[in-house]
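K.L.:
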């Protein structure tokens, strides 16, 4: 067995190592505060080292809070001898538990079995480039608030959500920061269950790098349409609400520009007719909202409007030359042709349904060849209708009669002459149910309705006329007379129309036409063209698109020529050539990492789009591509070939990455390189070392990956990048300690958790200054440990109060008498060794005088730096039962390892407290009684006090506590003078030389409870000399002195003996003389003391009560 020191976690522990056979030895190490197991590998040159094929491990896992790695296949183990019981097991562990790249997995082996001690485990195997991917940490319970449309894409965060704690590894610390969280939708428009995008979440904490926050993608929100404010509809404006009758439908509508965006009028409704006059009409517009983001506060808007009557104006115009004829003033009283009633130009009424003939027969037409400068005839009248009397009146215009002597005029009439109701203009007509109408008749008075046409009439004389009618309500007509006239016509010349050559052109986007040089026409009319498609269908206009067509040329008859028409003539529009212009294309680029769109070619038409055989080019190189345009309706197909070159770019400036911080104990491979030019290559550490805590620079190698697109001048580049290595967090627990007040501090200890193998902490443990009872903090200074961030659990150092029963505590109880109060006084002084204690600071004293029902008691209670309680109930009294002064202390008998309660009494005192002296000036001692209750004895046992030393003057009784098994012991020790002795005692004592004073010893217990008080009274009334062996009175107490095993008596060694011993003189044998109480014998018990020693007293066992004295044999010749 060898004793060694093992240093672990900064604490030196004593261990015992037993040398055995080769193998792993469990060793127990024990410190004052901790117990740890240490595995010690014992190597032996004779051990067989096993070999193992390289195992297969899973090099990637999802973070699970452990370093465990999975072994997929364990390689074959070689080297085990046949018959040996050996099992080889393997464990795989990542270099650390945290997520990251560049991890190292180490496979270690252990051997077991009965023969394992013969073998060494295979060497560990490492795998680099392994990976722990972050664990998915889902966000749950996120919620967005539904709202109405407001034109914005942001939505209100009702609940930012929380982390799914089921995803967290137990013990990991993750904090979710959502102070900057935003929620948005892809567009602000109305919709149900619109997907919500969440941003702004940040996770932090000691383990945040080991997790990837998964934002939910199924969060939705509903955006409802927002109502337009009512004030928006109040701003809607109507076109016009006050109209003047004009004979047509008139109604108000809403100005489109006054409608809110997205709002349209679905339909109008009107409370009254929209043609005829009326006041307080109501118009209502039913609205609809095409913008789904809004709703209308009301479905319609309305307004009031009116149509007011107005004065009508009649006007008749003809296409030909006209002559205006009006009634002169003298014609105003011309009677009506049918009724004979004269017209009143100022007032003429007719009942509903009554015909009024306008006096056209009175119109004067100018004779042939005459001028037309006569004054017009003004015709006015009234027409009574359902609504009201309306005034009308206007000039009527009729065609002039041509001069038959004018050949040109005849030619004009020989053409087509058309008059229609469209030539009758009615401005502001205000007669409900009435209308103006023209009716034409031929010579036979056959109605031609509203249109009369004269086309290519045969030569000769023709009669025609025109009638103006006023049509009233219910189709009642006010017919006028028919004015007829004769027309003479002449014959026309034959017209000729023909085309020369083929017709057609190449498509140019313009309409087809027949050039004037390609056709011949001898007439004086305009030639018109009728175009037809390939199937002969007539077209509305000349074609412009490529294709096959035909055209018919025609000319209408004129005043001199007949009409002429050709047969359909083919007309072809050929497709045009398509042209691709590549002059505007960029055919040379420099690589920039982005796709270069191939554009720039221009096609000479817009009927199709150009297509490129390569749409875009990114990487450097030379590319051949074709640009093509397909054939269309009007253009032929076309293509063009071009070459595009992308040159290599100059090598970009390398942006060196930023190294992620690591913790002391981690290697550089665990520092993540971010934000560098990773798009151009890869970064790796030149050396994978484990830095000390702090910031230092280490070399990073950059290897370009894209050499095809960049001109790199080196294969690799290097740069020093600072790495911040954080101190490793460890915890140190300083063990609690304690001591008793007044003792020296013990050695403080501490334990560390998380310390790397091979490292030791440097620190000193100190406590808060102070020596008073109480608690003090134990601290340590770890500033010298620069690689560790030490979290210290400070210890507590407790100074326990020193107990009053301590071996060093001395109690001095002084009993006095107060003459004024006539009462006994008690003064208690304590000292701790040589240090006096202060009453009120270190202890308190409570004194209770004796009463008839209770004895006197003294209670001493420790305070401050002292604790415990000492109770003295009539502990030491005189023979009268009064308290006496004493000195109490506890000492340790090192020879026997026992604590002894020392009770020393004082000499007798006067009533004033002065020491009582005899005639020689020596202190006077008297009987002292020691009361020992069961409670007091049990208290001594609990304090590990084995003996009581009761001393009066030079003599002590040594009483074993364990021998006192009863209650209420009374120990009497009384110094004796000769006058106090019985005769027998005196005679026996005279046989010896006295070396000390004589003492009477007796230990009693009450005979029975009733006899205790009587015995006390008898004791109090007896004289000191009453303790005689001859007393025959009934004793109320039982003498138990002989029944106490181990009872001893000690008498202080006389000064003469001390002097003789110092001078080397031989002394005669010392003896104890014991005269037993009640004995009638005159023999004395002789007790031989051991040889001379350095003790300062003589001692012997005490077999019973009686008088005792230290003596020696009287010399034989003493009396000679």
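Residue numbers (the working numbering): 107 to 1226. Ideal placement from N, C-alpha and C gives every residue a C-beta, glycine not left out. Predicted, not measured: the structure shown is a model, and the values here were computed from it.
Using beta-carbon positions only, say whether residue 829 and residue 777 come within less than 7 Å of one another.
P.N.:
yes
K.L.:
Can residue 992 be considered in contact with the ligand HEM, in the sense that its beta carbon sits closer than 6 Å to one or more heavy atoms?
P.N.:
Of the ligands one can find in the structure shown there are none, so the ligand HEM has no counterpart to examine.
K.L.:
Output the residue ranges of the beta strand (DSSP E) runs that lie fully inside the segment 1063-1094 and measure 3 residues or longer, sorted by chain position.
P.N.:
1075-1082
K.L.:
Using the three-state DSSP reduction, which class does residue 187 fall into: helix, strand or coil?
P.N.:
coil
K.L.:
Could you tell me the distance, in whole angstroms, from the CA atom of residue 393 to the CA atom of residue 322?
P.N.:
Straight through space, the alpha carbons of residue 322 and residue 393 are spaced by roughly 42 Å.
K.L.:
Return the CA-CA distance between residue 191 and residue 220, expressed in angstroms with no decimal places.
P.N.:
6 Å
K.L.:
Check for me: the alpha helix (DSSP H) holding residue 869 runs from which residue to which?
P.N.:
That residue, residue 869, is in no alpha helix (DSSP H); it is neither H nor E in DSSP.
K.L.:
Grouping DSSP H, G and I as helix and E and B as strand, with all else coil, what is residue 357?
P.N.:
Residue state for residue 357 is assigned as coil, using DSSP reduced to three classes.
K.L.:
Throw me the rounded Cβ distance for the residue 252 and residue 327 pair, which I believe falls under 8 Å.
P.N.:
6 Å
K.L.:
Rounded to whole angstroms, how far is the Cβ of residue 1102 from the Cβ of residue 1064, which I believe are closer than 8 Å?
P.N.:
Rounded, the Cβ-Cβ distance is 16 Å, inconsistent with contact.
K.L.:
On the DSSP letters alone, give me the boundaries of the beta strand (DSSP E) that residue 198 sits inside.
P.N.:
193-200
K.L.:
So, are the CB atoms of residue 781 and residue 803 less than 7 Å apart?
P.N.:
no
K.L.:
Between residue 1008 and residue 992, what straight-line distance do the alpha-carbon atoms span, to the nearest angstrom?
P.N.:
10 Å
K.L.:
Leaving aside the five residues before and after residue 723 along the sequence, list all residues of the same chain whose C-beta is less than 8 Å from its C-beta, in chain order.
P.N.:
So the qualifying residues of the chain are 695, 701, 702, 704, 729, 750 and 752.
K.L.:
Report back the beta-carbon spacing between residue 291 and residue 259 to the nearest angstrom; my notes put them in contact at under 8 Å.
P.N.:
Right, their Cβ atoms sit about 5 Å apart.
K.L.:
Confirm, please, whether the CB-CB distance from residue 1026 to residue 1013 is below 7 Å.
P.N.:
no
K.L.:
Express the C-alpha separation of residue 983 and residue 953 in angstroms, rounding to a whole number.
P.N.:
Distance between residue 953 and residue 983, taken at the CA atoms: about 15 Å.
K.L.:
Where residue 1215 and residue 1148 are concerned, what is the direct C-alpha to C-alpha distance, given to the nearest angstrom?
P.N.:
18 Å
K.L.:
Could you tell me the alpha carbon to alpha carbon distance between residue 640 and residue 680, rounded to whole angstroms?
P.N.:
C-alpha separation (whole angstroms): 14 Å.
K.L.:
What's the gap between the Cα of residue 1070 and the Cα of residue 1207?
P.N.:
16 Å
K.L.:
Would a C-beta distance cut-off of 7 Å place residue 1107 and residue 963 closer than the cut-off?
P.N.:
The criterion of a C-beta distance shorter than 7 Å is not satisfied by residue 1107 and residue 963.
K.L.:
Looking only at its chain, what residues have a beta carbon closer than 8 Å to the beta carbon of residue 283, apart from the 5 residues adjacent to it on each side?
P.N.:
307, 308, 309 and 310
K.L.:
For residue 946 and residue 917, what's the separation of their Cα atoms in angstroms?
P.N.:
15 Å
K.L.:
What first and last residue would you give for the alpha helix (DSSP H) that runs through residue 1043?
P.N.:
Segment 1040-1048, the alpha helix (DSSP H) holding residue 1043.
K.L.:
Do you know whose CA, among 998, 979 and 995, lies nearest residue 989's CA?
P.N.:
The shortest C-alpha to C-alpha distance from residue 989 to any of 998, 979 and 995 is the one to 979.
K.L.:
From 180, 874 and 634, pick the residue whose C-alpha is nearest to that of residue 884; which is it?
P.N.:
Among 180, 874 and 634, the Cα nearest to that of residue 884 is on 874.
K.L.:
Just how far apart, CA to CA, sit residue 198 and residue 178?
P.N.:
10 Å
K.L.:
May I ask you to verify whether the segment 762-777 touches the segment 705-721, counting CB pairs closer than 8 Å and requiring at least 3?
P.N.:
No: the two stretches stay apart, fewer than three of their Cβ pairs being nearer than 8 Å.
K.L.:
Among 616, 613, 609 and 615, which one has its Cα closest to the Cα of residue 622?
P.N.:
609
K.L.:
Under 8 Å by Cβ, that's how I've got residue 896 and residue 888 pegged, so tell me the actual separation to the nearest angstrom.
P.N.:
4 Å
K.L.:
Which residues does DSSP pair with residue 1011 in a beta bridge?
P.N.:
992
K.L.:
Measuring CA to CA, which of 1104, 1174, 974 and 937 is closest to residue 1181?
P.N.:
Ranking the options by Cα distance to residue 1181, first place goes to 1104.
K.L.:
Restricting to Cα atoms, I'd like to know which of 217, 185, 238 and 263 is closest to residue 1228.
P.N.:
In the structure as shown, the chain starts at 107 and stops at 1226, and residue 1228 therefore has no counterpart that could be examined.
K.L.:
One question on the structure: do residue 414 and residue 350 come within less than 7 Å of each other, judged by their Cβ atoms?
P.N.:
yes
K.L.:
Tell me, which residues are paired with residue 1029 by DSSP?
P.N.:
1023
K.L.:
Quick check on this structure: which residue in 920, 267, 770 and 741 has the alpha carbon closest to the alpha carbon of residue 863?
P.N.:
770
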